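Scroll down for the structure; my scribbles are underneath it.
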Amino acid sequence: MPRTWAGAVSSKGAEAIDVDSVSAEAALIGRIQNGSREEFRVLVQRYQSRVYSVAYRLMGDPEEAEDIAQEAFLRAYRNLGRFQGQASFYTWVYRITTNLALSRLRYLERRGRGKSESVEQSREDPERRGLDPIDTGPNPREQLIEQDLEKRIGEALGRLPTMFRIVVVLRDIENKSYEEVARLTGLPLGTVKSRLHEGRAKLQQMLAEFL
Numbered sequence: 003m004p005r006t007w008a009g010a011v012s013s014k015g016a017e018a019i020d021v022d023s024v025s026a027e028a029a030l031i032g033r034i035q036n037g038s039r040e041e042f043r044v045l046v047q048r049y050q051s052r053v054y055s056v057a058y059r060l061m062g063d064p065e066e067a068e069d070i071a072q073e074a075f076l077r078a079y080r081n082l083g084r085f086q087g088q089a090s091f092y093t094w095v096y097r098i099t100t101n102l103a104l105s106r107l108r109y110l111e112r113r114g115r116g117k118s119e120s121v122e123q124s125r126e127d128p129e130r131r132g133l134d135p136i137d138t139g140p141n142p143r144e145q146l147i148e149q150d151l152e153k154r155i156g157e158a159l160g161r162l163p164t165m166f167r168i169v170v171v172l173r174d175i176e177n178k179s180y181e182e183v184a185r186l187t188g189l190p191l192g193t194v195k196s197r198l199h200e201g202r203a204k205l206q207q208m209l210a211e212f213l
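Residue numbers (my numbering): 3 to 213.
Structure follows, in structure tokens:
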């Protein structure tokens, strides 16, 4: 996903934009909507890691996550004219990403591929695992322990059946409310809570030996 957009969109104007500023980002989006489409690259560069992380946490598979992330940016690019700024650009593309991932997961469930098949491929890169990279600390032993814990959590999430992984990720990692999880997944609130309870228990069991 990143390499496709990086090559396809010009870098003109990218260095001059301070997208940390809400007003600057709004101005940037306005210019893109008015025809400066090459500047969309700035938004991709700012949010691609976060979008990929969301997709990976939901999909549990690096290749599926990259496909979802690329499609999310493509859809955002094609539909930017409809973006009215009522929410931030990241909130908007996050919703696109989540909806794409959930639709893909439902499709895979129907085909009997609800569990991740390629979690092992994502170990070498902390950001590609969808977990926050660990800051370099002064104690190498503690750093190794934290790295091992993150790896094990990522692997355990990947092994969770899809029906549990979705609610655990949305509630415990993405910090969505129970009501938001229910809305995003289309599940009754009671089902969200019961799946979350069972998903947490399964994760705890998987991680029991390490923790």
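Don't be surprised by glycine CBs; every beta carbon is placed ideally from N, CA and C.
The structure displayed is predicted, hence computed values, not measured ones.
Limits of the alpha helix (DSSP H) - the one that residue i falls within
i                 : result
asparagine 101    : 91-112
phenylalanine 166 : 164-170
proline 64        : 64-80
arginine 48       : 42-61
Spatial neighbours of residue i in its chain, beta-carbon cut-off 7 Å, leaving aside the 5 residues before and after
i             : result
isoleucine 34 : Glu41, Phe42, Leu82
tyrosine 49   : Tyr92, Val95
DSSP-derived helix/strand/coil call for residue i
i                : result
serine 179       : coil
glycine 37       : coil
leucine 209      : helix
phenylalanine 85 : coil
serine 25        : helix
glycine 188      : coil
C-beta atoms of residue i and residue j nearer than 7 Å
i           : j            : result
serine 75   : valine 46    : Looking at the sequence shown, residue 75 is not serine but phenylalanine. Contact flag set, yes.
arginine 59 : valine 171   : yes
valine 24   : threonine 99 : no
leucine 198 : arginine 167 : no
Neighbourhood of residue i by C-beta distance below 6 Å, restricted to the same chain and skipping five residues each side
i           : result
leucine 205 : Ala158
Chain-order list of residues whose beta-carbon lies under 8 Å from that of residue i (same chain, five-residue window excluded)
i          : result
alanine 28 : Gly87
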